[in-house]
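S.K.: The structure that follows is given in the form of structure tokens.
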Amino acid sequence: MFAIFKRDFKSLFQNVVGWLFIGITLALFGLYFFAYNLSYGYPSIAYTLSATTFIYIITVPLLTMRAFAEERKNMTDQLLLTSPVSVGKIVFGKFLAIATTLFIVVVVMCLSPVFLSLFGTVSFPENYTAILGYFLYGLTCIAIGVLISSFTESQIIAAVLTVAVLFLGFMMNSITNLISSDGNLLTTVLNCYDLVTPVNNFFSGTLNLANIIYYISIIVLCLFLTTQIILKRRWTISSKRIRTSVFSVSAIVLIFAIVIAGNVGATFIPDNINSIDMTQKKLYTLEDETKEYLETLDQDVTIYVCIAKSSADSTLAKTLKRFEAANSHITVEYVDPEENPTFESTYTDESLTDNSMIVVCGDRVSIVSYDDIYEYSVDYTTYTQSVSAYDGEGQLVSALQYVTSDNQPLVYEITGHNETALAGDYETVFSKANMDLEEVNLMDVDALSVDEVSGVIINGPSSDFSEDDAAKVIDYINNGGKVIITLNVLNIGDMPNFQSILNAYSVSVVNGVIQENDGNNYYQSQYYLLPTIESTDITSDLNGYVLMLEAVGMTYEESDSYAISPLLTTSDSAVSLQVTTDEESGSKKASTDVAAEGPFNLGLEVASDGENYNFYIFGSYTMFNDNVDEVVSDTNMQMFKNIVSTFNTDEDAQTVVVDSKSYSTDYLVFTAGAIIWYGVVWGFILPVLLILIGIVVFARRRICK
1397 MFAIFKRDFK
1407 SLFQNVVGWL
1417 FIGITLALFG
1427 LYFFAYNLSY
1437 GYPSIAYTLS
1447 ATTFIYIITV
1457 PLLTMRAFAE
1467 ERKNMTDQLL
1477 LTSPVSVGKI
1487 VFGKFLAIAT
1497 TLFIVVVVMC
1507 LSPVFLSLFG
1517 TVSFPENYTA
1527 ILGYFLYGLT
1537 CIAIGVLISS
1547 FTESQIIAAV
1557 LTVAVLFLGF
1567 MMNSITNLIS
1577 SDGNLLTTVL
1587 NCYDLVTPVN
1597 NFFSGTLNLA
1607 NIIYYISIIV
1617 LCLFLTTQII
1627 LKRRWTISSK
1637 RIRTSVFSVS
1647 AIVLIFAIVI
1657 AGNVGATFIP
1667 DNINSIDMTQ
1677 KKLYTLEDET
1687 KEYLETLDQD
1697 VTIYVCIAKS
1707 SADSTLAKTL
1717 KRFEAANSHI
1727 TVEYVDPEEN
1737 PTFESTYTDE
1747 SLTDNSMIVV
1757 CGDRVSIVSY
1767 DDIYEYSVDY
1777 TTYTQSVSAY
1787 DGEGQLVSAL
1797 QYVTSDNQPL
1807 VYEITGHNET
1817 ALAGDYETVF
1827 SKANMDLEEV
1837 NLMDVDALSV
1847 DEVSGVIING
1857 PSSDFSEDDA
1867 AKVIDYINNG
1877 GKVIITLNVL
1887 NIGDMPNFQS
1897 ILNAYSVSVV
1907 NGVIQENDGN
1917 NYYQSQYYLL
1927 PTIESTDITS
1937 DLNGYVLMLE
1947 AVGMTYEESD
1957 SYAISPLLTT
1967 SDSAVSLQVT
1977 TDEESGSKKA
1987 STDVAAEGPF
1997 NLGLEVASDG
2007 ENYNFYIFGS
2017 YTMFNDNVDE
2027 VVSDTNMQMF
2037 KNIVSTFNTD
2047 EDAQTVVVDS
2057 KSYSTDYLVF
2067 TAGAIIWYGV
2077 VWGFILPVLL
2087 ILIGIVVFAR
2097 RRICK
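Residue numbering for the sequence shown follows the numbering used here, starting at 1397 and increasing by one per position.
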């Protein structure tokens, strides 16, 4: 077999064919590499590979048309058939020679992620998964080309047929969608020859075992059929011919059965084993908190997706598969609005966009609009909109919690004292937790009822409460209410009534701005604090830092009536600086005068012994802000979600809030000179040089003859 491999591999590079294949493929790759990776700075070559897969339709026939057609034309196949090497080894040796030519191209492509990593952060698993898919797709095309080459002695006919067959496989998904968008028996059969959909899964960052099995089975099937076709030429008219023919047919039927069984069996592999998420952002992997929630789900839920399955959003479809695999109580069904236009009206009067979902459990229904699945950002310099985050998992978890629970907690956000309103993701937390967040001025209510209000948020008031407002909050806490309070460092000293809420529970404010003097406990500025995170139930799952900008410290006294637990603290070297007021402008700022020396508490939890109430106090109202949270990778948000989850008074219900997954890309930065230089090398010099080498080798060989 090695002799066959060596002979064919050498033959490919003794004429222009092998050099032409490598040159054309690398030229096209270099062109798109220049466009996507060098010019736009994309750190993934999946876009580049996806744009170049069509070239196989043209280049692979150049390699495979000579595999057996030339042997038959030159009558050299008789020498091969009478050699001591088995036909199977002959076929595999020829396939291996052509595959090695492709492997050379792939090795060059494997250098591109390493090259890109010199200019920024690159996800190697995601990039090499895309290259693996590209290689497997190429091997499959080669195996098909080798099979077709064994049909005829004409290289031209073999090349034309290979182009037609590969083009059919390239377009099969589009063809079946034209036949039926919802799928039927015919499209199911035709999609067995859909060569492109599996490789697209690799390009999207998914290492799919079923796709690998599919490509390998097609390769094995084609090589086996090639062997059978060549073996048939050995037959002579004899009494053994019938027996040989029967054996051949039986073997072909058997290999088809094995291939079909293998691919059907692959569909039953659990999705968490079958599909491995290789993306840098882990877009297709369920969060641990989602998995824990799904393990507890014991009610049957049906998720109707309003679109034909073949046209569904691929990312959302993968997420839905993960949900189905995680819990047998979850069923996903795709409903084509064109074939069933009245289906949506059974559950809602709204007109739903394609890919929207209807989540049903008994009589409870939740609508997840496709408009909420993706978050968008706008570039105001170009007035273009782009996808910034994927929220499919978070929206689905929220919908599942809604339909499996009758509880809909109400949370008040206090206004009327120049509080800072929660915004962005901190506001979204409540809708995802199926809680109603409502702004309320304490002057408009007689009292805060624990039976009606599950939680209260007072976020950084800058003007004082009235005595009556403060009393309403204290009464609410004493009756078992749960409250989050954040402090405004510059104004807290002028708010005695508001401070009376804290004083009622032996908590005192150290008037002044905290200056941290330990370099391990601040970020960029000594007023941008990275407090020590104490061990409590609320902080147990926090990984990383909490960031607080300009905070006020707190102290407390022990009490037999309630328990006070520090959540966040400063170092011993921290000090509190006095706040002064500018006489002309009236603005307030920190002075250089030390009002008190640390350590200080920056976050406290106050709980009654019977756990009838809990409330939380933080020394900075800026900490619950999206911009601040980005600096510490959502640690502030995680703590906020942990506290909000305690607002749910239903003991049997869980409150799980899953954040959206960022689509933001850390683009690579190249100088203009580097873009031009490396673009020319990848897209022009290297491919042209290879093609010229091929021409020179071929010309010298012809001259020598």
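C-beta atoms are modelled at their ideal positions from N, C-alpha and C, and glycine is treated no differently.
Where does Phe1657 land, buried or exposed, given buried means 16+ other C-beta within 10 angstroms?
M.R.: Correcting the residue type first, residue 1657 is Ala in the shown sequence and not Phe. Exposed: under 16 other Cβ atoms inside 10 Å.
S.K.: Distance check for Val1645 and Ile1651, CA to CA, integer angstroms please.
M.R.: Computed Cα separation, rounded: 10 Å.
S.K.: Going by other Cβ atoms of all chains shown within 10 Å of its Cβ, with 16 needed for buried, is Phe1398 buried or exposed?
M.R.: Exposed, since its Cβ has fewer than 16 Cβ neighbours within 10 Å.
S.K.: Restricting to runs no shorter than 4 residues, where is the alpha helix (DSSP H) found entirely within the region 1760 to 1818?
M.R.: Entirely contained in the region 1760 to 1818, the alpha helix (DSSP H) runs reaching 4 residues are, in chain order, 1788 to 1799.
S.K.: Residues in its own chain within less than 7 Å of Phe1491 by CB, not counting five upstream and five downstream?
M.R.: Contacts found: Ile1538, Ala1539, Val1542 and Leu1619.
S.K.: Could you have a look at Ala2104 and say whether DSSP puts it in helix, strand or coil?
M.R.: Outside the modelled stretch of the chain, which goes from 1397 to 2101, sits residue 2104, for which no answer is possible.
S.K.: Considering only residues of the same chain and omitting the five flanking positions on each side of Val2027, which have a CB-CB separation below 8 Å?
M.R.: Counting only Cβ-Cβ distances below 8 Å, and skipping sequence neighbours, we find Tyr1919 and Leu1943.
S.K.: Please work out which residues of its chain come closer than 6 Å, Cβ to Cβ, to Asn1573, disregarding the five sequence neighbours upstream and downstream, and give them in chain order.
M.R.: Cβ neighbours of Asn1573 beyond the five flanking positions: Ser1706.
S.K.: Could you say which of Glu1522, Val1481 and Ala1423 lies nearest to Tyr2103 if we only look at CA atoms?
M.R.: Nothing about residue 2103 can be read from this structure; the chain reaches only from 1397 to 2101.
S.K.: Give a yes or no on contact between the region 1601 to 1615 and the region 1737 to 1749, applying the rule of three or more CB pairs nearer than 8 Å.
M.R.: The region 1601 to 1615 is not in contact with the region 1737 to 1749.
S.K.: Go through its chain and collect everything with a Cβ distance to Ser1435's Cβ below 7 Å, but skip five positions before and after it.
M.R.: So the list reads Ile2071, once near-sequence residues are dropped.
S.K.: So, are the CB atoms of Glu1729 and Ile1703 less than 9 Å apart?
M.R.: Their beta carbons are not under 9 Å apart, which means Glu1729 does not touch Ile1703 by this criterion.
S.K.: With distances taken Cα to Cα, identify the nearest neighbour of Ser1374 among Phe1464, Tyr1952, Leu1498 and Val1905.
M.R.: Here the chain has residues from 1397 to 2101 only, and residue 1374 is not among them.
S.K.: Compute the Euclidean distance between the alpha carbons of Thr1715 and Asn1580, then round it to the nearest angstrom.
M.R.: Going from the Cα of Thr1715 to the Cα of Asn1580 covers about 24 Å.
S.K.: Whose C-beta lies closer than 6 Å to the C-beta of Gly1851 among residues of the same chain, with five residues either side of it excluded?
M.R.: Here the set comprises Val1807, Lys1878 and Phe2043.
S.K.: Output the distance between the C-alpha atoms of Val2076 and Ile1552, rounded to the nearest integer angstrom.
M.R.: The straight-line gap from Cα to Cα measures roughly 34 Å.
S.K.: In chain order, what residues of the same chain lie with their CB nearer than 6 Å to the CB of Cys2109, ignoring the 5 residues before and after it?
M.R.: Any answer about residue 2109 is impossible in this case: the structure gives the chain only from 1397 up to 2101.
S.K.: Are Val1351 and Ile1626 closer than 9 Å when you measure CB to CB?
M.R.: Outside the displayed span of the chain (1397 to 2101) sits residue 1351, for which this structure offers no information.
S.K.: On the DSSP letters alone, give me the boundaries of the alpha helix (DSSP H) that Gly1534 sits inside.
M.R.: Note, Gly1534: alpha helix (DSSP H), Phe1520 to Ser1545.
S.K.: Within the chosen definition, does the region 1936 to 1955 reach the region 1898 to 1908 through at least 3 CB pairs nearer than 8 Å?
M.R.: Flag = yes, the region 1936 to 1955 and the region 1898 to 1908 touch.
S.K.: Count the other C-beta atoms from every protein chain shown that fall within 10 angstroms of the C-beta of Lys1628, then say buried if there are 16 or more, exposed otherwise.
M.R.: By the neighbour-count rule (16 or more Cβ atoms within 10 Å), Lys1628 is not buried but exposed.
S.K.: On the CB-based measure, 16 or more other CB atoms within 10 Å of its CB, does Gln1781 come out buried or exposed?
M.R.: Under this definition Gln1781 is an exposed residue.
S.K.: In or out: Arg1403 buried (at least 16 other Cβ within 10 Å) or exposed?
M.R.: Counting Cβ neighbours within 10 Å, Arg1403 comes out exposed, since fewer than 16 surround it.
S.K.: Reducing DSSP to helix, strand and coil, say where Thr1965 ends up.
M.R.: Note: Thr1965 maps to strand in three-state DSSP.
S.K.: Tell me, please, which residues DSSP counts as bridged to Gly1949.
M.R.: BP columns for Gly1949 point to Val1906.
S.K.: Report the rounded CA-to-CA distance for Ser2060 versus Ala1785, giving the unit in angstroms.
M.R.: Going by the C-alpha atoms only, they are around 7 Å apart.
S.K.: Using three-state DSSP, classify Ile2081 as helix, strand or coil.
M.R.: Note: Ile2081 maps to helix in three-state DSSP.
S.K.: Whole-angstrom Cβ separation of Gly2090 and Leu1416, contact assumed at under 8 Å?
M.R.: Yes, they are in contact, since the Cβ atoms of Gly2090 and Leu1416 sit about 6 Å apart, within 8 Å.
S.K.: Closest to Phe1894 by CA distance: which of Asn1596, Thr1935, Lys1406 and Glu1815 is it?
M.R.: Ranking Asn1596, Thr1935, Lys1406 and Glu1815 by Cα distance to Phe1894 puts Glu1815 first.
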